[in-house]
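Please read the structure below before turning to the comments.
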Amino acid sequence: MKLIIFGPPGSGKGTYSSKLKEKFGLEKISTGDIFREEIKKGSELGKKVEKYLREGKLVPDDIVIEVVIEKIKNLEKFILDGFPRTVDQAKALDSMVNIDAIIKINAHPEILVEKISARRICSNPKCDGNYNVADIRKVIDGVEYILPPLLPKNDMKCDKCGSPLIQRDDDKPSVIMDRLKVYEEQTKPVIDYYLKKKKPPFIEIWMSRPPEQVVEKIVEGLRKLNLVK
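For the sequence shown, the numbering used here begins at 248 and goes up steadily by one.
This is the structure:
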């Protein structure tokens, strides 16, 4: 099973991908995770992409395509999170593999700004602790959002390793708006590209409930396509 997950920044793509990985043994390929790890290591790739990520801009296609090709060339089961983000990336992917389904996550911009700016991560680079201090309960355009906070047991300390929690530079409101604008301008054409092709099929879900409930809706969509039992 080969999947793509689309959604604006803060829509939960990474969380949903991780849970689908656990359920179905998929390899989770996240360009954002790859780039952040390379930045921490101080590698040549990390140095190249750091300036783009800090400004909330997309990393150039040639760099991203090279990284993804290397990661998926021998994989039979994977989910792509953060790729493709441009039509050129989508075409490069099409030339390599046949994707079984696209998962598209929807959310209103004001919800995303509130949610992203409330995100806190572990300051320990070896830990993946991830939390959120926002308690969102509201209705927008007929969509009811019930998104409780994900708080650590000890105030602003990671449950996994005890390190202080921090806010990522690109999770601050001024950068968030730029990231959402870039997503809308750059990634929407990719979705249109796949819609015009009429394949692979789309599974469209609203980010209006906690991750476990959203993932269950995604699994229902996969079942309808006979991709899982």
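Where a beta carbon is used, it is the ideal one built from N, C-alpha and C, also for glycine.
Pairwise C-beta distances place the stretch 453–463 in contact with the stretch 387–401, as three or more of them are shorter than 8 angstroms. Residue state for F330 is assigned as coil, using DSSP reduced to three classes. Taking 8 angstroms as the upper bound for CB-CB distance, I310 and K287 are not in contact here, some 17 angstroms apart. Between the stretch 328–346 and the stretch 368–387, the count of Cβ pairs shorter than 8 angstroms is below three; the stretches do not touch.
Contact between I252 and I326 holds, since their C-beta atoms are separated by about 6 angstroms, short of 8 angstroms. Its Cα nearest to that of D388, the residue W453 stands out among S421, W453, E361. For the options V334, K270, E291, P256, the alpha carbon positioned closest to that of K444 is the one of V334. The residue from R426, V462, K435 with its alpha-carbon nearest to that of E302 is R426. Take I312, set aside five residues on each side of it, and the residues of its chain with a beta-carbon closer than 7 angstroms to its own are Q336, A339, in chain order.
Taking C-beta atoms as the reference points, V422 and G259 fail to come closer than 8 angstroms. Comparing C-alpha distances from L442 to each of I350, E463, E269 shows the shortest one belongs to I350. CA-to-CA, the gap between K407 and S265 works out to about 17 angstroms. Between I363 and D416, the beta carbon gap of about 12 angstroms keeps them out of contact (Cβ cut-off 8 angstroms).
Secondary-structure assignment with DSSP links R384 through a beta bridge to I393.
When the five nearest sequence neighbours on each side are left out, the beta carbons in the same chain lying within less than 7 angstroms of the beta carbon of L292 are those of E285, in order along the chain.
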